[in-house]
Amino acid sequence: MTPYLVGKGTALNTATVVVGSVVGLAAGAAVPPEYKVVATAGIGLATLGLGVKMFLETRSVLIVVAAIVLGGVLGLLLRLDEGLRAFAEFAKSTLGAAEDGRFEEGLITASVLFCVGPMTLLGCLQDGLEGKIELLAIKSTLDGFAALFLSATLGAGVLVSALVVLVFQGALTNGATRLKFLARHNDRLAETTAVGGLLLVAIGLGLLEVKSLAAATYLPALVVAPILVGLQGGVIRRWRSKGREGEQGSAAGGSDRAGFE
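Here it is as structure tokens:
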């Protein structure tokens with residue numbers, strides 16, 4: 002049995018989230034509430050912009066819409082948002098965090114922000130297949146700074162999201178040999194990225210207090226998207242194959258008639 006391998010890149014990423022969160026929590030105690038509001042809005046705007054940029058990577062809006070809808074239904078059936086909130090409640094009671102509702106928001110916001118996007122997938126594939134951590138090293142730096150600002154405004158839930166990063170990216174690193182097809186097919190990666198962008202848009206809207214959406218519910222869409230692209234590709238290939246067979250049959254029929262004449 003192959004031992005579970007977290008990966009050096011994931012270990013580094015987890016460490017930077019922890020360090021950034023600890024620094025942010027320490028600094029957040031001295032930050033006036035009005036500054037926290039401004040900082041949260043700034044993070045929300047940046048997250049919203051990044052999400053839109055990622056969504057524009059799509060090559061088929063229909064695939065993205067179908068993936069989001071089907072993924073959302075699957076997420077409801079699996080009760081992902083409820084599960085993540087239950088985990089947040091357990092962690093909050095264990096840590097003795099304040100009952101202000103920000104713990105869950107911090108955990109869910111940070112978990113989705115740190116775990117979606119092409120750099121997460123490609124970085125874990127690179128780590129698992131080649132043992133290189135260049136991409137995850139860059140991501141670790143970005144996540145560390147994000148954790149600093151998020152924890153200063155949203156509290157200790159951001160620190161606990163390091164466990165989600167550890168488990169999620171560790172699983173991707175271990176499954177690298179099975180997931181490498183995503184890196185080889187640009188269409189699948191593009192639609193997965195676009196779906197991740199919509200999840201970030203949901204997070205951004207929540208941070209801006211425009212609309213509160215259960216972003217975790219839609220996480221299965223990240224799996225549904227490449228599957229739909231594969232199915233679409235199979236249908237197109239079969240249709241083209243039948244078209245070529247029809248053309249060859251017509252050409253053969255024409256040759257037979259010409260010979261008869």
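Residue numbers (my numbering): 2 to 262.
Backbone N, C-alpha and C define an ideal beta-carbon position, used for all residues, glycine too.
Pair within 7 Å by beta-carbon distance, residue i and residue j
i: L123; j: L136; result: yes
i: I134; j: G235; result: no
i: T121; j: I204; result: no
i: R103; j: G156; result: yes
i: A153; j: A28; result: yes
i: T15; j: L167; result: yes
i: A67; j: L229; result: yes
i: G158; j: G84; result: no
CA-to-CA distance, residue j to residue i, given in whole angstroms
i: V20; j: G171; result: 19 Å
i: G322; j: V161; result: The chain is shown from 2 up to 262; residue 322 falls before or after that span and cannot be answered.
i: V165; j: T17; result: 13 Å
i: L209; j: R239; result: 46 Å
i: L232; j: G132; result: 31 Å
i: K212; j: A89; result: 21 Å
i: S94; j: S22; result: 19 Å
i: E105; j: D128; result: 30 Å
i: V38; j: I44; result: 10 Å
i: V62; j: A191; result: 11 Å
i: C116; j: L75; result: 19 Å
i: V202; j: S112; result: 14 Å
i: V65; j: G72; result: 10 Å
i: A92; j: F169; result: 17 Å
i: G8; j: K140; result: 14 Å
Own chain residues within Cβ distance below 8 Å of residue i, not counting five before or after
i: A42; result: L208 and L209
i: K181; result: L126 and L130
Contacts around residue i, its chain only, beta-carbon distance under 7 Å, and the 5 residues preceding and following it disregarded
i: V24; result: L149
Residues of its chain near residue i, where Cβ-Cβ distance is below 6 Å and the 5 sequence neighbours each way are ignored
i: T3; result: Only weak support is given to the placement of T3: the predicted model assigns it a pLDDT of 47, under 50, and the value that follows is read from those uncertain coordinates. Excluding sequence neighbours, T3 sits near nothing in its chain.
- Message: Assess contact between the stretch 206-218 and the stretch 78-87, defined as three or more Cβ pairs (one per stretch) separated by less than 8 Å. Is contact present?
- Response: Yes, the stretch 206-218 touches the stretch 78-87.
- Can you find at least 3 beta carbon pairs, one from the stretch 50-66 and one from the stretch 173-183, that sit closer than 8 Å? In the pairwise beta carbon analysis, the stretch 50-66 is classified as not touching the stretch 173-183: fewer than three pairs are separated by under 8 Å.
- Message: Check whether the stretch 143-151 and the stretch 193-207 are in contact - that is, three or more C-beta pairs closer than 8 Å.
- Response: Between the stretch 143-151 and the stretch 193-207 there are fewer than three inter-stretch CB-CB distances shorter than 8 Å, so the stretches are not counted as touching.
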